[in-house]
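Chains as they are written, first to last, in this note's numbering: chain L, 295 to 816; chain C, -11 to 135.
Cβ atoms here follow ideal geometry from the backbone N, Cα and C, with glycine treated the same way.
Data block below; observations after.
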Amino acid sequence: MGRKILFVTTDQQRYDTLGCNGGTLARTPVVDALAAQGVRYERAVPQSVVCMPSRSTMLTGQHPATHGVWMNGVPLPVDAPSVAAELQRAGYRTALIGKAHFEPYLDPFGRFTENMLAIEGVETTDQPWFDGTIGPHRGFEHLEFATHGAAGQHHYARWLREHHPEAVGMYYATLDRSANVNAAGGGDTDAPQAHHNQIERGWYHTDWVADRTITWLDALDAGDDWFAWMSFPDPHHPWDPPASEMARIDWRDVPLPAGYPVDRVERERNLDDKPRHWRLWYDGELVSNYEAPRDWVPATLTDDQVREVNARNAVECELIDEALGRVLAAIDRRGWTDDVDVIFTTDHGELQGDHGLLFKGPYHVDALMRLPLVWRPAPSAAVAPAVVQRPVGLVDLAPTFCAIAGLGAADWMQGAALPVDDADADARGFERVLTQWDSELFGVAVHVRTITRDGWVCTAYGPGAVHDGTEGELYDLADDPLQQHNRWDDPAAASMRADLLADLWDHQPVARSPKLELEAPV
Amino acid sequence: MATVRRETRIRRSADDVWALAGDPARLHEWFPGMVASSVDGPVRTVTTATGIEMPEEILTIDPILRRFRYRITSGLVRQHLGVIDVFDLGDDSSLVSYSTDAEPDAMALIIGGATGAALAELRRQLEDEAPPRPAGVSPVEHSGSAV
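What follows is the structure, given as structure tokens:
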């Protein structure tokens, strides 16, 4: 009997939403306790700041250029490498419960396996794996899907329609009638994607994901080794947690976040200091990516809307923390705690007022790039608690799962098992993390490459709709933790910029060829 | 209105390609996610694997130009125009173009994405002479139990 793995992901959660990371709004005692017992990462960076590429990196252990999911709407091939397949082959029981999003959601033709699994009510299907083996879909013998609400065909939506049909319409409609991300305002401040959701807490998707995870775990034999990917759709917008829980945090009492320049002149001056697409989006002149509501103009954002969005987001984070606590209690009841590794992270962050913006896009700053990451190794492994300052990436997760299972990293994995402290990180060369953005949507192309290294973040823009290939961003994370002052053209930082760019281009991952097609908006 | 175009080169004559791609009643044989298609005069009705029935208006079937044009008339889209062109490349191969104009814009991507997969399947069938792939979650049998 080996170590078991509970892999907990959330969607679009910021680093500073956890108490252990200094967050003061949401109470997250469960994750905080895991951090105190284990390893907390101060600079965990995604390889993409949108869902499908980032989640594909978690599964494959590869950068987006290599696994090929270069933007949302590009499906990860069913025979892509998968760490779950490696674990299943090694005898692990495997499940993914919650949000997968390796394949597009908008799928009226039913072309994608994960949508059809839910429609047909089966928990997996056999598919070819990377090496030609025929096995369960992406290595998961059990799959149950949920996403942000009750629309669509996923398992949670079907469950809610069957058991609580009166609650289906209580959720915010994430898409508008044009199938774009909805810009409609709600809540108390008319903030986009804020909504009073009258759903009972126990029917909300966060608790459903935890309930289904517990059910799956309870059905396992005591001696099984298992890998459970529990994937919460929150705190991704819409910000519509159960209204019954909103009394936890009064948005009127929420301080404006440090990253939100209250003074409009300062805010716009900072934006003007960055490549053009920042200000163009802020003014509503260019929405380069599907993930941002097309009909919302960030310049209209008010202080109270920022407060309410942050309050709602914090409530969602608290619900996740409590749900995780229930799952850990269930694991404890099975007597497994000593042998269970828990890894908690997210796919990317969120602009929650930072720079006067909400949502996400081609903006490689801490709001989207600095992630919560906590690894509580199995107590039986006797790993000393630590805080790791060196940069690590989500690309390092798959090798970590292999290491926990006593397997070597597969040769197709591009990261390395997470370090357990900074000395370990230094010994094994954790120096840099790479992030990329590519989007080509209705004639608007944006291409971005970023390196995080030595306390700096350096971003280079390729030629595209509004960039000529000479633009960039350079931030000293120590002096400018909010990345408000772009030093790309600062002569005093020229040598640092040159060094980082050389390193960035020297370490670009191998690109999949031929390029995969964009098949849906998301 | 957004526009998406997909194309593929197929190592078969234009007449061979047109015989399949230009027959509106045979769409479900090569368009992944379509499980049925029937034609009644100028109206084609297709059924997707998710159970959606979509009526379409056939606008053009031109065997000389090898051009097929149609529009979806269901509520899925406000406006739509789909065009399939088969070009003879003169070396016993063909270029097939499948364009989609649609509003809302997002639907152009969704439909256009599916047309890319359809062209890949069309090429596979015509070049491999393989029978059409059955609809369903997998080319391999299900192994799962009901959830």
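What distance in whole Å lies between the Cβ atoms of residue j and residue i, which are believed to be in contact at a cut-off of 8 Å?
i	j	result
residue 684/L	residue 660/L	That belief does not hold up - the Cβ atoms of residue 684/L and residue 660/L are roughly 16 Å apart, past 8 Å.
residue 82/C	residue 71/C	At roughly 16 Å, the Cβ-Cβ gap does not stay under 8 Å, so residue 82/C and residue 71/C are not in contact.
residue 115/C	residue -6/C	Actually they do not touch by this definition, with Cβ atoms about 17 Å apart.
residue 655/L	residue 341/L	Actually they are not in contact, since the Cβ atoms of residue 655/L and residue 341/L sit about 16 Å apart, beyond 8 Å.
residue 355/L	residue 689/L	6 Å
residue 450/L	residue 532/L	15 Å between Cβ atoms; not a contact.
residue 708/L	residue 360/L	6 Å
residue 441/L	residue 393/L	5 Å
Under 7 Å Cβ to Cβ from residue i, same chain only, skipping five residues before and after it: list those, please.
i	result
residue 45/C	30, 31, 58, 59, 61
residue 581/L	575, 588
residue 537/L	490, 491, 492
residue 296/L	519, 699, 700
I need the straight-line Cα distance from residue i to residue j, nearest angstrom please.
i	j	result
residue 458/L	residue 475/L	25 Å
residue 493/L	residue 444/L	11 Å
residue 759/L	residue 330/L	46 Å
residue 568/L	residue 650/L	13 Å
residue 129/C	residue 373/L	Here the model assigns residue 129/C a pLDDT of 33, short of 50, so the residue's position is not dependable and the matter cannot be decided.
residue 808/L	residue 39/C	33 Å
residue 816/L	residue 404/L	14 Å
residue 749/L	residue 642/L	19 Å
residue 428/L	residue 540/L	47 Å
residue 67/C	residue 95/C	10 Å
residue 745/L	residue 516/L	44 Å
residue 477/L	residue 470/L	8 Å
residue 613/L	residue 304/L	11 Å
residue 729/L	residue 55/C	44 Å
residue 530/L	residue 572/L	21 Å
residue 813/L	residue 795/L	32 Å
residue 437/L	residue 514/L	15 Å
residue 481/L	residue 348/L	30 Å
residue 542/L	residue 323/L	15 Å
residue 132/C	residue 435/L	Residue placement at residue 132/C is flagged as unreliable, the pLDDT there being 35, under the threshold of 50; a coordinate-derived value is accordingly withheld.
residue 766/L	residue 344/L	20 Å
residue 550/L	residue 597/L	7 Å
residue 627/L	residue -4/C	57 Å
residue -2/C	residue 564/L	52 Å
residue 561/L	residue 512/L	51 Å
What first and last residue would you give for the alpha helix (DSSP H) that runs through residue i?
i	result
residue 843/L	Outside the displayed span of chain L (295 to 816) sits residue 843/L, for which this structure offers no information.
residue 611/L	597 to 627
residue 695/L	691 to 698
residue 566/L	558 to 566
residue 103/C	93 to 116
residue -9/C	Unbroken run through residue -9/C is the beta strand (DSSP E), -10 to -2; no alpha helix (DSSP H).
residue 533/L	First-last for residue 533/L: undefined, no H or E at that position.
residue 594/L	Run containing residue 594/L: none; DSSP gives neither H nor E here.
Got a sec? Which residues, its chain only, sit under 6 Å from residue i by beta carbon, not counting five neighbours each side?
i	result
residue 732/L	364, 365, 741
residue 35/C	23, 24, 41
residue 878/L	No answer is possible for residue 878/L: the residues shown for chain L start at 295 and end at 816.
residue 346/L	363, 366, 395
residue 711/L	693, 694, 697
residue 73/C	55, 85
Ignore the nearest five residues each way along the sequence and tell me which others in residue i's own chain have a CB closer than 8 Å to its CB.
i	result
residue 455/L	444, 462
residue 433/L	376, 377, 378, 379, 380, 381, 382, 383, 388, 423
residue 634/L	297, 298, 299, 300, 625, 672
residue 8/C	14, 17, 18, 110, 113, 114
What span of residues does the beta strand (DSSP E) with residue i cover, start to end?
i	result
residue 752/L	750 to 755
residue 22/C	22 to 28
residue 42/C	41 to 50
residue 430/L	428 to 430
residue 767/L	766 to 770
residue 508/L	Counting along the chain, residue 508/L falls outside any beta strand (DSSP E), though it belongs to the alpha helix (DSSP H) covering 499 to 512.
residue 62/C	No beta strand (DSSP E) holds residue 62/C; DSSP gives it neither H nor E.
**OP:** Closer than 9 Å, Cβ to Cβ, to anything on chain L: give me those residues from the region 15 to 43 of chain C, in chain order.
**Re:** 19, 20, 21, 22, 23, 36, 37, 38, 39, 40, 42
Original post:
Using a Cβ cut-off of 7 Å, which residues of the region 90 to 106 of chain C contact any Cβ in chain L, in chain order?
Top reply: 92, 93, 94, 95, 97, 98, 101, 102, 104, 105
Subject >> Members of the region 402 to 414 of chain L near chain C, C-beta cut-off 7 Å >> reply: 402, 403, 404, 405, 407, 410, 411, 413, 414
Original post:
Which of the residues in the region 64 to 78 of chain C, read from start to end, lie with their CB under 9 Å from any CB of chain L?
Top reply: 64, 66
Original post:
Going along the region -10 to 10 of chain C in order, which residues come within less than 8 Å of chain L, judged by CB to CB distance?
Top reply: -10, -6
Original post:
Looking at chain C, which residues of the region 460 to 487 of chain L have a Cβ within less than 7 Å of any of its Cβ atoms?
Top reply: 472, 473, 474
**OP:** Quick one: which residues of the region 804 to 816 of chain L get their C-beta closer than 9 Å to a C-beta of chain C? List them in chain order.
**Re:** 811, 812, 813, 814, 815, 816
Subject >> Residues from the region 420 to 451 of chain L in contact with chain C, defined by Cβ distance under 7 Å >> reply: 420, 421, 428, 430, 438, 447, 449
**OP:** Quick one: which residues of the region 624 to 640 of chain L get their C-beta closer than 8 Å to a C-beta of chain C? List them in chain order.
**Re:** none
Subject >> Positions along the region 720 to 742 of chain L whose CB lies within less than 7 Å of some CB in chain C >> reply: 736
Subject >> chain D contacts made by the region 684 to 704 of chain L, where a contact means CB separation under 8 Å >> reply: No chain D appears in this structure, whose protein chains are L and C.
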